[in-house]
Amino acid sequence: MTLYPEDLKYTKTHEWAKIEGKIATVGITHFAQDSLGDVVFVELPPVGKELKAEQEFGVVESVKSVSSLYAPVSGKVIERNSQLELHPELVNQSPYQDGWLIKVEVSNPAELDQLLTSQAYQDFLKSEKH
Amino acid sequence: MKNIDYFSDIPASVRLAKPLSLPEPLSEPELLEELKKLSEKNQEASLFLGGGSYKHFIPSIVRHIVSRSEFYTAYTPYQAEASQGILQTIYEYQSMICELTGMEVANASMYDGATALTEAALMAARITGRKEVVVSTAIHPHYRQVLKTYCNAADLTLTEIPFDPKTGLSSLVPRFSSLVAGVILEQPNFFGNIECVSDLADKIHAAGALFIVSVDPISLGILKPPGEYGADIVVGEGQSLGNPQNFGGPGLGIFAAKKDFLRQMPGRIVGATTDSEGKKGFVLTLSTREQHIRRERATSNICSNEALLALAACAYLAVMGKTGLRKVAELCLQKANYLKKKIKDKVLWPDTFSFKEFVVKTEKEIGLNLERFYPELKGYRLICFTELVKKEMLDKLADELH
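Just so you know, the sequences run in chain order E and V.
As numbered in our numbering, residues 1 to 130 make up the first sequence, in order.
As numbered in our numbering, residues 1 to 402 make up the second sequence, in order.
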């Protein structure tokens with residue numbers, strides 16, 4: 001299995017977005033969950049909240065740090081992954097499937113072009129290493 | 001080694017060129033004699049001064065415990081495997097504060113009552129996402145100053161509601177809007193008056209705001225824990241619990257809240273856990289939200305605590321127990337109210353219930369001159385009575401005030 005699925009879009013702040021029509025499902029990447037270590041708590045915005053691209057929308061807390069989450073696209077939060085309240089470890093175990101964070105109704109589809117492809121994100125990760 | 005002039009950075013023009021004009025040095029025995037003579041000039045005065053710092057009796061065991069070098073010299077217990085003793089005392093302190101306030105979580109303490117109150121306001125703003133904080137002017141003036149400073153920097157609006165001049169009580173109710181993050185009440189208030197709290201929490205919660213109560217922990221020996229009347233965050237100055245007045249500081253900031261708000265709590269928290277062998281142990285917990293890890297995004301810029309004073313409070317509460325604390329509170333209440341009745345015509349609010357302090361009209365230099373903080377209370381003073389005041393003193397004072 002690839003660590004960075006081809007059908008997702010990525011941000012330089014290590015979130016991913018899966019676009020299906022007007023709905024974007026948002027999570028954090030394999031690299032992000034691996035760097036954080038064991039996730040113990042996820043703080044998500046309430047349903048109905050309007051997010052702006054690149055705006056902080058929540059935090060993910062691991063045993064060693066707390067990191068901010070940034071919205072890949074603008075839009076309204078329509079669903080949050082309630083499973084994470086009891087099982088935050090899903091973010092580590094399944095960052096692209098069961099560990100998704102929120103679903104957003106995209107308000108400005110043009111922003112999607114700003115996001116990185118899988119290849120561009122992996123190139124970005126490589127460049128960051130140096 | 002080369003001789004270094006440590007003062008070379010200081011301009012010659014401001015350096016003293018001649019020797020200081022001091023008496024000849026004394027030998028140590030002579031010096032002790034001199035100091036003894038000076039100390040004989042001291043007088044044990046009864047000042048009846050309270051206003052946030054209180055002279056309560058401190059059982060000697062408290063001093064013995066805090067003077068143990070394991071506690072006295074302990075550094076921040078980051079390294080849990082080498083700090084179980086101090087961590088356990090902080091954990092026990094937190095548990096006692098929870099019981100006293102009726103809250104579910106308490107932190108390891110803040111700097112003092114003022115910073116604890118201010119951190120509560122900031123926490124309410126974080127939780128509600130709102131920007132206005134409402135306080136009564138019957139809250140300690142120093143606390144409000146600290147609050148003002150923080151609100152200014154944190155871009156919060158501070159709304160001060162004047163107390164009712166007829167009763168000396170806060171009148172907050174009609175002022176809540178959907179913009180308010182938190183409403184702060186002091187119980188008993190700065191004038192020693194016991195605030196009416198019966199349905200206040202419901203009204204505050206209906207407006208979507210949090211209810212913050214600042215307490216005198218000694219009063220909780222007889223007053224209801226704020227958790228029982230709907231408080232969301234309880235703060236207070238903990239100096240009264242086993243700590244001397246120390247000329248006004250250091251203080252002990254009590255901070256406790258409902259469990260739902262755990263992750264928004266400022267400061268450090270000690271938690272109980274089990275080690276790899278299944279034995280009970282204690283660690284600093286949730287420190288990922290503290291400043292040394294989360295920098296400018298931390299829940300608070302207070303990244304420390306008043307561990308030694310918290311330890312004294314913990315020892316004090318353990319020694320006094322429920323019955324002892326209740327007795328202290330009852331004595332304060334009885335003594336203050338005995339005098340209040342005797343000099344009724346001099347008392348500003350004779351019909352308002354008060355705990356250990358009340359306001360009198362007098363020219364005598366006793367207690368705290370309220371004009372300093374409240375120009376409208378010119379000629380009035382706040383006087384305070386703890387369990388240490390004897391009945392003869394009260395009778396004498398009554399005669400002098402008449």
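The beta-carbon is built from N, C-alpha and C at its ideal position, and this holds for glycine as well.
Bear in mind the structure is a predicted one, so any value in this text is a computation, not a measurement.
Residue-level contact by beta carbon holds for T288/V and chain E, with a gap shorter than 7 Å. At a cut-off of 7 Å between beta-carbon atoms, V66/E makes contact with chain V. Take Y111/V, set aside five residues on each side of it, and the residues of its chain with a beta-carbon closer than 6 Å to its own are G253, in chain order. Of the other Cβ atoms in all chains shown, fewer than 16 fall within 10 Å of the Cβ of R68/V; this residue is therefore exposed. Scanning the region 277-343 of chain V for uninterrupted alpha helix (DSSP H) segments of 4 residues or longer gives 291-294, 307-342, listed from N- to C-terminal end. One Cα belongs to L38/V, the other to A120/V, and the distance between them is close to 45 Å. In terms of Cβ geometry, G236/V and H140/V do not form a close pair [threshold 7 Å]. Cβ proximity to chain V below 8 Å picks out E61, S62, V63, K64, S65, V66, S68 from the region 53-87 of chain E.
Of all C-beta pairs linking the region 188-204 of chain V to the region 346-357 of chain V, three or more are shorter than 8 Å, placing the two stretches in contact. Among the CB atoms of chain E, one or more fall inside 7 Å of the CB of R294/V. In this structure, the alpha-carbon of P375/V lies about 27 Å from that of T386/V. In the DSSP assignment, T25/E falls within the unbroken beta strand (DSSP E) covering 23-28. Runs of the beta strand (DSSP E) lying entirely within the region 216-274 of chain V and spanning at least 3 residues, in chain order: 233-237, 253-257, 269-274.
The Cβ atoms of G102/V and G227/V sit closer than 7 Å to each other. At a beta-carbon threshold of 8 Å, the residues of chain V lying near E43/E are R263, ordered along the chain. If only uninterrupted alpha helix (DSSP H) runs of at least 4 residues are considered, those enclosed by the region 88-159 of chain V are 113-128, 141-154.
Taking C-beta atoms as the reference points, G271/V and T285/V count as a pair closer than 7 Å.
In the DSSP assignment, K391/V falls outside any beta strand (DSSP E) and lies within the alpha helix (DSSP H) extending over 391-401. Straight across, the Cα-Cα distance linking K18/E with G37/E is about 23 Å. For E85/E, the enclosing alpha helix (DSSP H) begins and ends at 83-86.
Taking a Cβ-Cβ threshold of 8 Å, the residues of chain E close to R297/V are V66, S68, in chain order.
Under DSSP, G182/V forms a beta bridge with V133/V, L210/V. Collapsing the DSSP output to three states places K37/V in a helix. Ranking D216/V, L100/V, T76/V by CA distance to the CA of Q239/V puts D216/V first. S35/E is the residue among S35/E, G21/E, I23/E whose C-alpha sits nearest the C-alpha of L125/E. Separation of the CB atoms of K258/V and D232/V is rounded to 6 Å, and the pair is thereby assigned contact status at 8 Å. If you ignore the 5 residues before and after L26/V, its C-beta comes within less than 8 Å of the C-beta of E34, all in its own chain and listed in chain order. A contact between stretches requires three or more CB pairs, one per stretch, nearer than 8 Å, and the region 338-354 of chain V fails this requirement with the region 63-80 of chain V. Membership of I78/E in the beta strand (DSSP E) is indicated by the continuous run 75-80. With contact defined as three or more Cβ pairs closer than 8 Å, the region 66-76 of chain E and the region 102-120 of chain E are in contact. Ranking Q93/E, L115/E, K129/E by CA distance to the CA of E6/E puts L115/E first.
Residues of the same chain with a CB within less than 8 Å of the CB of R294/V, apart from the 5 flanking positions on each side, are T288 in chain order.
For K103/E, the three-state secondary structure derived from DSSP is strand.
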